[in-house]
Structures are given as C-alpha cells and as structure tokens.
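Here my numbering is used: the first residue of the sequence shown is 1, the next is one more, and so on.
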Amino acid sequence: MIELGSRERRQPPPPHIVWESLTDPWRPGGRQWLDLNPDEVKPRILRVVEPELVVWSSLWPDRPDDEIRFDIRPTEDGGCSLRWTLLTPAEAPEQAVIGRLRYRLNFLINAQLRFSFGQ
Numbered sequence: 001m002i003e004l005g006s007r008e009r010r011q012p013p014p015p016h017i018v019w020e021s022l023t024d025p026w027r028p029g030g031r032q033w034l035d036l037n038p039d040e041v042k043p044r045i046l047r048v049v050e051p052e053l054v055v056w057s058s059l060w061p062d063r064p065d066d067e068i069r070f071d072i073r074p075t076e077d078g079g080c081s082l083r084w085t086l087l088t089p090a091e092a093p094e095q096a097v098i099g100r101l102r103y104r105l106n107f108l109i110n111a112q113l114r115f116s117f118g119q
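What follows is the structure, encoded as structure tokens:
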C-alpha cells in the first residue's frame, strides 16, 4: 500500500468514544458528523481493533481500492490522538487529486468529527 496522506491531531474524548464514532457514524443517538458529498459513498468497515484501530473502505467510487486507516492512541489528559492515513494499492494519482482527497479527509476528521465533540 502506498501512503497518499496522513495527519494526526488530538481529539477531546477518550479513545473508545472516538472509536465508536468511527465504527458507527450514523448510529441512533450518536453524534451525526459524517456528512457525505454527492460524489461520495458510505464507507464499509474493513478492520477494527477496539479501541485503537479502524480501517474504512474508500469514500470515493472512482477510487474503490483506497483505504482510510484510523489509529487511535490515549493521551495523558484523558483524550486521544487520532491519525488518519489514506492508502492505495495502486499507483498514486496526480497531486491535485491527492490534495483534494487529503483536504476532504482532514475536514471530515479534524473539523466535523472534532466539532461534534464540542471542540
């Protein structure tokens, strides 16, 4: 797998809460944060290790083999560190495409998900 992009940021809740939000972003009573664009599809869960790892299938139908990996580590203050990594088994696309995909993931994870926790 080729890494197309990655970013790590702190999230306010503990690992198990972030893990739960990533494994079931549309669960009833949960935080509704994963708003997909018309050109995106609901990700499938490919792998999980509670509460430290979630791997999604691609959000983009034109890139069906890509994967999005989430590594979750506890922090000393009770929150967690969340790293997303975009991976592909194929050749890397043009830099403009990589930039668009990275921007979108960063917005979803480090804005939408983070703001769903009130921060």
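The C-beta atom is built at its ideal place from N, Cα and C for all residues, glycine as well.
- Excluding sequence positions up to five before and after Pro51, its CB lies within less than 7 Å of the CB of Pro15, His16, Trp19, Ile72, all in the same chain and listed in chain order.
- Between the stretch 25-45 and the stretch 77-85, the count of Cβ pairs shorter than 8 Å is below three; the stretches do not touch.
- Membership of Pro74 in the beta strand (DSSP E) is indicated by the continuous run 67-74.
- Residues Pro43, Ile68 of the same chain have their beta carbon placed closer than 6 Å to that of Trp56, with the five preceding and five following residues left out of the count.
- Annotated as distal: Gly5 and Ile109, with beta-carbon spacing of 9 Å or more.
- Nearest in C-alpha terms to Pro64, of all of Leu46, Arg114, Gly79, Leu113, is Leu46.
- Residue state for Leu46 is assigned as strand, using DSSP reduced to three classes.
- A Cβ-Cβ separation of about 5 Å places Pro13 in contact with Phe117 under the 8 Å criterion.
- From the listed residues Ile2, Arg10, Glu3, the smallest Cα separation to Glu76 is found for Arg10.
- Within a 10 Å sphere around the beta-carbon of Asp24 sit fewer than 16 other beta-carbons, which makes this residue exposed.
- According to the DSSP assignment, Gln95 belongs to no beta strand (DSSP E) but to the alpha helix (DSSP H) extending over 95-107.
- Boundaries of the alpha helix (DSSP H) around Glu20: 15-23.
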